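One structure is given here, and the rest of the page talks about it.
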Amino acid sequence: MSRLIAKILLTVFMIPFATIVYMVSFVVMERSLRFTGSYYGNRYELFVLCGLLTWAVIALYWLLIWRGQIKWTSPRISLTVLSAIVCAAASVVFAKLLNLLVREEIFSAFVASVLCPVLWLISTVFVWRESAEERAGRVAGGDETALTCPVCGYNLTGLSEPRCPECGTKYTLSELFARQPRRAMAAQDDEVSN
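Have a look at this one:
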C-alpha cells in the first residue's frame with residue numbers, strides 16, 4: 148500500500164474514531180459530574196467540553212497525518228489558526244440561530260460542538276491546498292527523466308498508455324513529449340543559441 152493511500156484511509160477512519168472519542172468523553176464527564184454531585188441535569192457546557200476535547204484530538208490526528216505534505220508558510224499557519232477562530236464563531240452563531248428555531252439549548256449546543264471541528268477540517272482542506280507556485284516548484288524539482296501530465300502534473304512514468312489516470316487527459320506520445328516543461332525549456336534554449 149502506498150503512503151498516500153495509507154494517509155487517505157487514516158483520514159477516513161478519523162470520523163469513527165472522533166465519534167468514539169466524543170461519546171466516551173461525554174459518558175465519562177457526565178458520570179464524574181454525577182459522582183461528585185455537581186451535576187444539575189442536562190447542561191450544555193458538557194457538550195461544549197466534549198466538543199473541544201474531540202476537536203483537539205481531531206486537530207492532532209489531522210496534523211500528524213498531513214504535516215509532511217503541507218508546506219508550512221507563515222500565511223498558511225496564520226490562516227489555519229484564523230480558520231479555527233472563524234469556525235468556532237460560526238458554530239456559536241449557528242447554535243444561537245438553531246436555538247431560536249427549535250428552543251432546545253442542549254440540542255443546539257450538541258450541534259455546535261460537532262459542527263465546529265467539521266467546519267475546521269473543511270477549511271484546512273482549502274488553506275492547506277497546494278498553490279500553483281508550490282505545484283510548479285514540486286514538478287520542476289522532480290526527476291528530470293519523469294514524464295508528467297501537462298494538465299495536472301501527475302507522474303506518468305511507467306504507464307502503458309498516454310492517458311493520465313489522475314485527470315483522464317489523453318495525449319499522443321509526441322504531444323506528451325513536446326509538452327514536458329524541461330523539454331520545452333531545452334528546445335527554447337536551443338532556438339536562442341542557434
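In short: position in the sequence shown from 1, add 147, done, that's our numbering.
All residues carry an ideal CB built from backbone N, CA and C; glycine is no exception.
These numbers come from a predicted model, not from an experiment.
Residue i (DSSP reduced to helix, strand or coil)
{"i": "Thr295", "result": "strand"}
{"i": "Lys317", "result": "strand"}
{"i": "Arg310", "result": "strand"}
{"i": "Asp337", "result": "Since pLDDT at Asp337 reaches only 49, below the 50 mark, its modelled position is unreliable, and no value is offered."}
{"i": "Ala331", "result": "Below a pLDDT of 50, predicted positions are generally treated as unreliable, and Ala331, at 46, falls in that range; the measurement from the model is reported next regardless. DSSP places Ala331 in helix when its eight states are reduced to three."}
Residue i vs residue j beta-carbon contact at 8 Å
{"i": "Cys263", "j": "Ser225", "result": "no"}
{"i": "Val168", "j": "Val204", "result": "yes"}
{"i": "Ala242", "j": "Ala259", "result": "yes"}
{"i": "Trp209", "j": "Met176", "result": "no"}
{"i": "Tyr217", "j": "Thr158", "result": "The sequence shown places Ile at residue 217, not Tyr. Contact flag unset, no."}
{"i": "Phe173", "j": "Leu156", "result": "no"}
{"i": "Leu266", "j": "Cys234", "result": "yes"}
{"i": "Thr227", "j": "Thr271", "result": "yes"}
Local Cβ density within 10 Å of residue i, reported as buried at 16 or more and exposed below that
{"i": "Ser255", "result": "buried"}
{"i": "Thr166", "result": "exposed"}
{"i": "Phe273", "result": "exposed"}
{"i": "Gly198", "result": "buried"}
{"i": "Leu151", "result": "exposed"}
{"i": "Phe324", "result": "exposed"}
{"i": "Trp275", "result": "buried"}
{"i": "Trp202", "result": "buried"}
{"i": "Leu247", "result": "exposed"}
{"i": "Leu229", "result": "exposed"}
{"i": "Val171", "result": "exposed"}
{"i": "Val261", "result": "buried"}
{"i": "Leu245", "result": "buried"}
Cut-off 6 Å between Cβ atoms - residues of its own chain near residue i, not counting five sequence neighbours on either side
{"i": "Cys299", "result": "Glu313 and Cys314"}
{"i": "Tyr301", "result": "Cys311 and Glu313"}
{"i": "Arg326", "result": "Pro297"}
{"i": "Gly284", "result": "none"}
Same chain, Cβ closer than 7 Å to residue i, neighbours up to 5 away in sequence not counted
{"i": "Thr304", "result": "Ala293 and Leu294"}
{"i": "Lys317", "result": "Pro309 and Arg310"}
Cβ shell of residue i (< 8 Å), same chain only, five flanking positions each side left out
{"i": "Arg223", "result": "Ile217, Val274 and Trp275"}
{"i": "Glu281", "result": "Lys218"}
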